[in-house]
Amino acid sequence: MRLLLGLNFTCKNCEKENRIKGWATDRYRLRKRMGMEPVLRCKACGKEEAYHVNRIYVKERFLVLPIYLTFGVSSYFLGSYAYRTYWRGDVLMDNKVIMVVFGAYLFPIAVLGVLVFAVIRAKDVLNSGRIPYHR
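Residue numbers for the sequence shown follow my numbering, so the first one is 268 and each next one is one higher.
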């Protein structure tokens with residue numbers, strides 16, 4: 268998950284988005300690891316300020332797009348290879364061929380579907396929980 272989601276905050280001074288190194292599964296663990304108001308430095312303007320844990324949010328990284336493309340292209344090539352290799356004339360050789368052809372197309376698509384739903388769920392869970400402000 269940490270490759271597909273990143274912790275971010277928006278600078279109060281220049282309003283640029285910054286990425287935070289590290290990962291937590293929820294805000295309570297993030298608070299335990301970084302404190303209630305961690306001091307973070309903006310990469311654009313260099314200003315250091317304290318940010319409440321609720322100001323830190325999760326956003327998808329653009330690494331997801333090449334993964335989609337890789338799965339799509341690989342499923343096409345695996346399926347076409349299986350079709351050319353195991354299909355003889357108009358007759359399938361045996362049941363293994365059916366498993367290879369369907370597996371070559373369905374496995375990358377199934378993995379991609381599970382991955383997308385897991386990323387969406389993790390993002391929603393991490394962004395939904397809020398810690399009350401106590402000063």
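Quick reminder that beta carbons are idealized off the backbone N, C-alpha and C, glycines included.
If you're wondering where the values come from, they're calculated on a predicted model, not measured in any experiment.
If you pair each beta-carbon of the segment 280-288 with each one of the segment 375-387, do three or more pairs fall below 8 angstroms? Under the 8 angstroms Cβ criterion, the segment 280-288 does not count as touching the segment 375-387, having fewer than three qualifying pairs.
Span of the beta strand (DSSP E) holding Tyr318? In the DSSP assignment, Tyr318 falls outside any beta strand (DSSP E), carrying neither H nor E.
Contacting residues, own chain, Cβ-Cβ under 6 angstroms from Val386 (five flanking each side not counted): Within the same chain, Leu271 come within 6 angstroms of Val386 by CB-CB distance, once the 5 residues on both sides are set aside.
Give me the Cα-Cα distance between Ala371 and Gly346, rounded to the nearest whole angstrom. Taking the straight line from one Cα to the other gives about 5 angstroms.
For Pro305 versus Phe338, is the C-beta distance shorter than 8 angstroms? No, the Cβ-Cβ distance between Pro305 and Phe338 is not below 8 angstroms.
Could you pull the start and end residues of the beta strand (DSSP E) that Arg397 belongs to? It is not in any beta strand (DSSP E) - Arg397 carries neither H nor E in the DSSP assignment.
Is the beta carbon of Gly289 sitting closer than 8 angstroms to the one on Arg328? The criterion of a C-beta distance shorter than 8 angstroms is not satisfied by Gly289 and Arg328.
What number of angstroms, rounded off, separates the C-alpha of Val320 from the C-alpha of Arg298? Spanning the two alpha carbons is a distance of roughly 6 angstroms.
Which of helix, strand or coil DSSP assigns to Lys288: Secondary structure of Lys288 (DSSP, three-state): coil.
Return helix, strand or coil for Leu345, following the three-state DSSP convention. Three-state DSSP puts Leu345 in a helix.
Alpha carbon to alpha carbon, what distance is there between Lys390 and Arg351? Cα to Cα, the separation comes out at about 41 angstroms.
Work out the CA separation of Leu393 and Arg294 for me, nearest whole Å. Taking the Cα positions, Arg294 is about 7 angstroms away from Leu393.
Determine, using beta carbons only, whether Asn285 and Lys310 come nearer to each other than 8 angstroms. With respect to Lys310, Asn285 sits close: the two C-beta atoms are nearer than 8 angstroms.
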